[in-house]
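Each remark here refers to the structure printed beneath this line.
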Amino acid sequence: MSDNGMTYRNAGVNIDEGNRFVGKIKKIVSKNIGSRNLSGIGSFGGLFDFSNLPYKNPVLVTSIDGVGTKLYIAQMLNRHDTVGIDIVSHCINDILVQGAKPLFFTDYLGCGILDADVMAKVIEGIVATCKKADCELMGGETAEMPGLYKPGDYDLVGSITGVVEKDKIISGKNIKEGDVLISLPSNGLHTNGYSLA
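Counting from -15, one number per residue, gives the positions in the sequence shown under my numbering.
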């Protein structure tokens, strides 16, 4: 029987490696499933129960971002959990500046050739950071696209949703001359700007 038809394999997608990846991350992700996650693992949409959150006038805050050129550093050093840590932290920072507490996170991994071991390390970093921030990892997408990404290259994007009490939103509109600025040290370069560093 001929295998010349339209198949994922003929398009360069390795279903077996994809299944191996899913098996690996199910074990990793199960460490971060809390009572607010109603959909568990593998649903097309994450179901988050916010009925017991202690807010009178809750406002949802959402943000999406990518790791950017730091991916090259992770690839050179073969330290892929670090970019998982960074993407969650970066997204948390983006909503924290508006006063929001993180609720849930989703990720997108795009790659040329799926390497289940490398991608599982990324997910380990994501899960560890979500757990540390009391933030549910609600889902993710992994897309293997040979021809779009070179072998060994991948992209990582995260989306986060948090909540803030309406009268506690930090907008910056009340900043005035004479206000005290507090500077906090960084533990190093975070996600963006590596092409400039």
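Note that CB positions come from ideal geometry on N, CA and C, so glycine has one too. Just so it is clear, the structure is predicted and the values come from calculations on it, not from any experiment.
Assigned exposure category for residue i - 16 Cβ within 10 Å defines buried
i, result
"residue 142", "buried"
"residue 28", "exposed"
"residue 167", "exposed"
"residue 145", "buried"
"residue 73", "buried"
"residue 13", "buried"
"residue 123", "buried"
"residue 55", "buried"
Straight-line Cα distance separating residue j from residue i
i, j, result
"residue 3", "residue 136", "19 Å"
"residue 7", "residue 98", "14 Å"
"residue 114", "residue 89", "8 Å"
"residue 64", "residue 156", "35 Å"
Short Cβ contact (7 Å threshold) for residue i with residue j
i, j, result
"residue 182", "residue -3", "Residue 182 lies beyond the range of the chain shown here (-15 to 181); nothing can be said about it."
"residue 21", "residue 120", "yes"
"residue 86", "residue 112", "no"
"residue 25", "residue 47", "no"
"residue 41", "residue 150", "yes"
"residue 173", "residue 67", "no"
8 Å CB neighbourhood of residue i in its chain, flanking five on each side removed
i, result
"residue -5", "130"
"residue 132", "94 and 96"
"residue 15", "111 and 115"
Three-state class that DSSP yields for residue i in the structure shown
i, result
"residue 149", "strand"
"residue 73", "helix"
"residue 62", "coil"
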